[in-house]
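One structure is given below, encoded as structure tokens.
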Amino acid sequence: MQDVNTQGSERTIHRILARPAVLEALHGHAARWFPKECCALILEAPDGPEVILADNLADKYHALDPETFPRTAERAYVLDPRLIADAERAGKRLVAIAHSHCVVGAYFSEEDVRAALSPFDDGPLYPGVDYVVLDAQADGVKGHKVFAWSDAAAAFVEV
Numbered sequence: 002m003q004d005v006n007t008q009g010s011e012r013t014i015h016r017i018l019a020r021p022a023v024l025e026a027l028h029g030h031a032a033r034w035f036p037k038e039c040c041a042l043i044l045e046a047p048d049g050p051e052v053i054l055a056d057n058l059a060d061k062y063h064a065l066d067p068e069t070f071p072r073t074a075e076r077a078y079v080l081d082p083r084l085i086a087d088a089e090r091a092g093k094r095l096v097a098i099a100h101s102h103c104v105v106g107a108y109f110s111e112e113d114v115r116a117a118l119s120p121f122d123d124g125p126l127y128p129g130v131d132y133v134v135l136d137a138q139a140d141g142v143k144g145h146k147v148f149a150w151s152d153a154a155a156a157f158v159e160v
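Per the working numbering, the very first residue in the sequence shown carries number 2; after that it's consecutive.
See the structure below:
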């Protein structure tokens, strides 16, 4: 796997996020879920970029098994992995997984890192997939940051 390209050509996710309709969809989704975290998929489809605004299943998982899922949707997100499989089956490529952090700012938390790593090795669960974290506040989304796996750093870094 190649190391992240933090210079030179623009990453696909940055080109997609530059589209006002994409950011409007993500910001609206975060606002509707606030004060809970939202989650979404950002895809490259044959007809152009696509955003799948997903339900955050954290509260449902927490209610079923609070020991395994100690966090609720206020502090975590659980994305249905079938959404990724369905998108790939339809010929779309997963570019990024997006979620919001409520009130605390956009950063890649220890929990985000844990969820993004493969349980089988020290690499990413979804190689080549970026992570977008939205800074959700009571009065709207104040920005976002993008994180990608770096082989050189053996960690997720902001890109």
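For each residue, glycine too, the CB sits at the ideal point set by N, CA and C.
* To do: With a floor of 3 residues, list each beta strand (DSSP E) that falls wholly inside the region 37 to 88, ordered by position along the chain.
  => Here the runs fully enclosed are 40 to 46, 49 to 55.
* Met2 - DSSP class collapsed to helix/strand/coil -> Note that Met2 scores 42 on pLDDT, short of 50, meaning its location in the model is unreliable; the coordinates nonetheless yield the value given after this. Secondary structure of Met2 (DSSP, three-state): coil.
* From what residue to what residue does the alpha helix (DSSP H) around Ala26 run? -> In this chain, the alpha helix (DSSP H) harbouring Ala26 covers 21 to 34.
* Asked: Pick from Ala59, Leu44, Ala55, Val160: whose alpha carbon is nearest that of His30?
  -> Ranked by Cα distance from His30, the options Ala59, Leu44, Ala55, Val160 are led by Ala55.
* Which residues in the same chain as Val133 place their Cβ atom closer than 6 Å to its Cβ, once the five residues preceding and following it in sequence are excluded? -> Residues Ala97, Ala99, His145, Val147 of the same chain have their beta carbon placed closer than 6 Å to that of Val133, with the five preceding and five following residues left out of the count.
* Taking Glu1 as part of the beta strand (DSSP E), name the residues at either end of that continuous run. => Given a span of 2 to 160 for the chain in the structure shown, any question on residue 1 remains unanswerable.
* Asked: Just reading off the alpha helix (DSSP H) that Leu18 is part of, what are its end residues?
  -> Note, Leu18: alpha helix (DSSP H), 13 to 18.
* Asked: Where Ala19 and His28 are concerned, what is the direct C-alpha to C-alpha distance, given to the nearest angstrom?
  -> Here the alpha carbon of Ala19 sits roughly 13 Å from the alpha carbon of His28.
* **Meets three-Cβ-pair contact criterion under 8 Å: the region 11 to 18 and the region 100 to 111** => Output reads no: the region 100 to 111 does not touch the region 11 to 18.
* Determine the closest residue to Ala139 out of Phe121, Arg115, Gly129, Cys103, with distance taken between C-alpha atoms. => The candidate whose alpha carbon is nearest that of Ala139 is Cys103.
* Asked: Do Ala59 and Ala74 have their C-beta atoms within less than 9 Å of each other?
  -> Taking C-beta atoms as the reference points, Ala59 and Ala74 count as a pair closer than 9 Å.
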